[in-house]
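Peer 1: Have a look at the structure that comes next, please.
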Amino acid sequence: MSFGFTPFPWLALIVLLVLFFGSLKSRGRLRRLPVLSVSAAPADGDSSEFRAVTAVGVRLEAELVGAAAAYARREGLLVLDLVPGDMPVEPLMDLLHDVDPVAFRTDPVAAGRGAGHALLVHESVLARAEVDRLEGLSTVELIAMTAKLKRYAARGTGHAVAPGLAAIAPDPRMVKARMRALGAPPAAVLAGYVGEAGAFAGATYTTPFWGLLALATWWLQPYAVLTGQTAVRPRGAHFSTLLRPFLAVWRWVRAVSGPAAPPAMDKAELAVKRAGYAEAVAGGIEHFFEERRDDCPWCGSGDLRVRVRLRDRLQAKPGRFSLEQCRTCGHIFQNPRLSLAGLDYYYRDFYDGYGARGAEAMFATMRRQYNGRTTLVKRHASPGRWLDVGTGHAHMCLIGKSALPDTVFDGLDLGAGVEEAARRGWVDHAYVGQFPDHADTLAGAYDVVSMNHYLEHARDPFAELDAAAKVVQPGGHLLVEIPDPECWYARLLGRHWHPWFQPQHQHFIPVGNLSDALAARGFTVVEVERGPSHQGGLLTAALTHVATGLAPDPQAPWRPRPAGVLGRTRRVGVIVLLIPAYIAAAVLDAVGGKVAGRFGRAGGSDAYRLLARKDPG
C-alpha cells in the first residue's frame, strides 16, 4: 500500500517572496525617479558649466540639456544620469534593481550605476577625473564612465528621466563586457542566471503548482512594476513581457556566445606585468622571505609554536606561509616574514593595478564598519583634524565626513590610491609614504589618528605606535581596529579563517598586549568594542579561498601564461557548483553577524576596535 506525499513548497515560496518584495522595491523606486520638465525650463537656460557625455546613437536636444542643467543646479548635482523616457523593460528592471534614486543621493560609496545613454557633468568633475572624450562612447564605455564619475561626485550624483531622449537597443552579445564595466565577474553573473533558472525548475519539479505560480509571477513582474506610473513608458513593453522567458533564454545564449569580456587591463600592459612577474620568480621565491626568527617580536620569548601554515588564497601566488604563536604572550606573527622584495611581489596588483577594481568594490561594501568607527570616536571627542593611516582610497574618510562634516580628514598610505582620494575630494590632504617617516613633521598635528586594519600589515608595530604617540596631540585619541586572534572562528575555520589574510598580515595582537603597549606610550584605553567591529562574511570568504585554490583567476598576470578555454571553463564550473554553498554560507554569515553582536566580548567577533586617549603632559 503506498501513501502519497506532497512536499511543502519551501523553494517556491522563497522565490515568490523574493519576487514580491523585489517588485515592491522596484515599483517604489520607479515612482521616486524624478522626471525633467523640459517645458518648464527657461528657454535661455545657462548650461555653460555642464557638459553632455553621450553614447553612440544618442542625441540630446538643446532644450533637454538646458532642462537637465537647470535641474542639476537646483538640486546641487555635479553628475546627472539621464534615463530615456522609453527605456526597454529589461534594462529598466536592471536599473531599478541597482539604483534607489533617493538612497543613491545620500550614499557616497554607492556604486555608480546609470541607464548607459547620456550624462550631464559639471566641468569641474571632468577636469578632476581627467575626462576629455565626451561623444561617441560605446554603451560599455559610458557605463564605465558613470562608475568613474560617481567617485568624483560622491555626494553630487543623481538620476532623472529625460522625456524625449530615445533609448538605444542594448546588444545582448556585449553582456560580458557590460558586466566587466560594472565591476561584476561575467562568469559569476552568467552562472547566476543559470542558478535562477534552476530555482524555478527545482520548485516546479518538487511542487508543480507552486513552481508554475512562481514562474508566472516572474513572467508578469514588469506589469506589477510599471502599471500605474507615467515616468517611463518602455518601448515594446507588452511584447517584451509576454515573451519574457523566451527572450531571456535568447539573451543568455547570445551573451554566452558573444565576445569575451575585455581583460581587467590592456593586453599590452598585462604582457608587461606578466614579464615582470616571471622575472621576479625566475630564480625561485626564497628571496621573498627573511630568515626565520627564534623569538617573539613582541615579548622576546623563545617559546613558540606553529599556529597555522597556509598558501596564498587571495591571489593564488606561489609560496607557503607560516604563522607562529608565542606561548608566553599570545602574540601571533608571520615567521619567516616577508622580505622587502616579498612585500613588493605579494602586494603588487592587489590594491592597485590589476586588482584595483576589486579592492575598490570590496572597500565600498564596508559602510557599517566606517560608520561604527566614527560613532565610537564621537562618543568621546569632537575632532577637528583626523589622520587616517593606511587609508587606501579613503572610503572611511568619505563616510566619516557625513557624521563629522566640520572635521578635516587627511589620509596617509604607501600607494597611489591616497593621491587619487585627494583628487576625488575624499580627503583634504594626502600623505604618501611610511607613517614613521612623517611622524616628526606631523608631531602634535592631529586630535585623532586612526589605524583601521593597518597595524597587522606593519613590519614593526612598535614603530607605528611610537609614530602615533608623536602625531596625536595631548588629550587626543588613537583609534585602532585589527583582527582579533582570540576569535572563535580562528579556531573553527583554521587556515580558512579569512583574517589570516596571508601573506599580507604579519602580526596578530591580542587586545591585552595592545593595551599594555599603548599604556607604555602615554595612552589610556577609554573603550574597546568587539561585536560592532565584526567584519563578517567569514564562511563566504572561506568558500572563496576554496574556489581560488581549485580555479585561480585565469587571466592573472602572475600566472606564467593566460589560461586557455579549459582553465576558463574550470573556473566557471567551480563557481556554478559552489552556488548552493555560497547561498548557505551567506545565510550562516548573517546569523554569525547577530552572534557577534551578542557575544562579541566572549570571542564571537573577528575583530576588535580600541580607542585610547593620549594623556596630557
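The opening position of the sequence shown corresponds to residue 46 in the working numbering, with each subsequent residue numbered one higher.
For each residue, glycine too, the CB sits at the ideal point set by N, CA and C.
In the DSSP assignment, find the unbroken alpha helix (DSSP H) run with W343 in it and report its ends.
Peer 2: From DSSP, W343 is part of no alpha helix (DSSP H); its letter is neither H nor E.
Peer 1: State yes or no: is the C-beta of A386 within less than 7 Å of the C-beta of F334?
Peer 2: Against a cut-off of 7 Å, the Cβ pair of F334 and A386 comes out as no contact.
Peer 1: Take the Cβ of Q274 as the centre, count every other Cβ of all protein chains shown within 10 Å, and call the residue buried at 16 or more, exposed below.
Peer 2: With fewer than 16 other Cβ atoms within 10 Å, it is exposed.
Peer 1: Answer with buried or exposed for K312, where buried requires no fewer than 16 other C-beta atoms within 10 angstroms of its C-beta.
Peer 2: So K312 ends up on the exposed side.
Peer 1: Among V617, G649, A564, F644, which has the Cα closest to the Cα of P661?
Peer 2: Measuring from the Cα of P661, the nearest candidate turns out to be A564.
Peer 1: Which partner residues of V98 appear in the DSSP bridge assignment?
Peer 2: Paired residues: L164.
Peer 1: In or out: F48 buried (at least 16 other Cβ within 10 Å) or exposed?
Peer 2: Per-residue confidence for F48 stands at a pLDDT of 47, beneath the threshold of 50, marking its modelled position as unreliable; no derived number is given.
Peer 1: Sort out for me which residues DSSP pairs K659 with in a bridge.
Peer 2: In DSSP, K659 forms a bridge with F568.
Peer 1: What residue range is occupied by the uninterrupted beta strand (DSSP E) comprising F333?
Peer 2: Premise fails: F333 is in no beta strand (DSSP E) and is neither H nor E.
Peer 1: How is the alpha helix (DSSP H) around S664 delimited, first residue to last?
Peer 2: Only positions 46 to 662 of the chain appear in the structure, and residue 664 is not among them; the question remains open.
Peer 1: Where do the ends of the beta strand (DSSP E) carrying V525 lie?
Peer 2: First-last of the beta strand (DSSP E) with V525: 517-528.
Peer 1: Which whole-angstrom value describes the C-beta separation of I624 and A236, a residue pair presumed to lie in contact below a C-beta threshold of 8 Å?
Peer 2: Contact holds; Cβ gap of about 7 Å.
Peer 1: How is the beta strand (DSSP E) around C371 delimited, first residue to last?
Peer 2: Start and end: 365-371.
Peer 1: Would you list the residues sitting across from E574 in a DSSP beta bridge?
Peer 2: Looking at the DSSP assignment, E574 forms a beta bridge with R654.
Peer 1: Determine the DSSP secondary structure at M310, reduced to helix, strand or coil.
Peer 2: Looking at M310 - three-state DSSP - the assignment turns out to be coil, as it is neither helix nor strand.
Peer 1: Would you check whether the ligand HEM has a heavy atom nearer than 6 Å to the C-beta of A246?
Peer 2: Among the ligands in the structure shown, none appear at all, so the ligand HEM cannot be discussed.
Peer 1: Which residue's Cα is closest to the Cα of L538: R418, Y322, L583, G403?
Peer 2: Out of R418, Y322, L583, G403, L583 has the C-alpha closest to the C-alpha of L538.
Peer 1: Report buried or exposed for A305, applying the criterion of at least 16 other Cβ atoms within 10 angstroms of its Cβ.
Peer 2: It is exposed - the Cβ of A305 has fewer than 16 other Cβ atoms within 10 Å.
Peer 1: Report the CB separation of V516 from Y499 in whole angstroms; it is logged as a contact under 8 Å.
Peer 2: With a Cβ gap of about 14 Å, V516 and Y499 do not count as contacting.
Peer 1: Roughly how many angstroms lie between the CA atoms of V617 and F245, to the nearest whole one?
Peer 2: For V617 and F245, the distance between alpha carbons rounds to 21 Å.
Peer 1: Report all residues from its chain with a CB closer than 8 Å to the CB of R372; omit the five preceding and five following residues, and keep chain order.
Peer 2: These residues qualify, in order along the chain: S346, D348, L349, R350.
Peer 1: Specify whether the segment 193-210 and the segment 153-167 touch according to this definition: at least 3 beta carbon pairs, one from each stretch, less than 8 Å apart.
Peer 2: These segments touch.
Peer 1: Can you tell me where the beta strand (DSSP E) holding S384 begins and where it ends?
Peer 2: No beta strand (DSSP E) contains S384, which DSSP labels as neither H nor E.
Peer 1: Could you say which of G102, A97, Y534 lies nearest to E108 if we only look at CA atoms?
Peer 2: Of the listed residues, the one whose Cα sits closest to E108 is A97.
Peer 1: Can you give me the Cβ contacts of Y399 inside the same chain, cut-off strictly under 8 Å, excluding the 5 residues immediately before and after it?
Peer 2: So the list reads A309, M310, L315, K318, A601, P602, once near-sequence residues are dropped.
Peer 1: Could you check what DSSP says for M411 in three-state terms: helix, strand or coil?
Peer 2: Looking at M411 - three-state DSSP - the assignment turns out to be coil, as it is neither helix nor strand.
Peer 1: Using only the alpha-carbon positions, how far apart do A323 and G329 sit?
Peer 2: Rounded to whole angstroms, A323 to G329 spans 10 Å at the Cα level.
Peer 1: In terms of residue numbering, what span does the alpha helix (DSSP H) encompassing H483 cover?
Peer 2: Per DSSP, H483 belongs to the alpha helix (DSSP H) from 480-483.
Peer 1: Where DSSP assigns a beta bridge to A198, which residues make up the other side?
Peer 2: Answer is none; A198 lacks a bridge partner.
Peer 1: For the candidate residues L105, L81, D145, P133, whose alpha-carbon lies nearest to that of A115?
Peer 2: Ranking L105, L81, D145, P133 by Cα distance to A115 puts L81 first.
Peer 1: Can you tell which of F480, G460, A503, H438 has the C-alpha that lies nearest to the C-alpha of D473?
Peer 2: Checking every option, the nearest Cα to that of D473 belongs to H438.
Peer 1: Apply the 10 Å Cβ neighbour rule to A327 and answer buried if 16 or more other Cβ atoms are within range, or exposed otherwise.
Peer 2: It counts as exposed.
Peer 1: Helix, strand or coil: which one does DSSP assign to M132?
Peer 2: Of the three classes helix, strand and coil, the one that applies to M132 here is coil, per DSSP.
Peer 1: What distance in whole Å lies between the Cβ atoms of V494 and L523, which are believed to be in contact at a cut-off of 8 Å?
Peer 2: 5 Å between Cβ atoms; contact.
Peer 1: Quick check: the Cα distance between D139 and G161, rounded to an integer number of angstroms?
Peer 2: Those two C-alpha atoms are separated by around 12 Å.
Peer 1: Pick from G203, R200, E186, M190: whose alpha carbon is nearest that of M219?
Peer 2: Taking only the C-alpha atoms, the option nearest M219 is E186.
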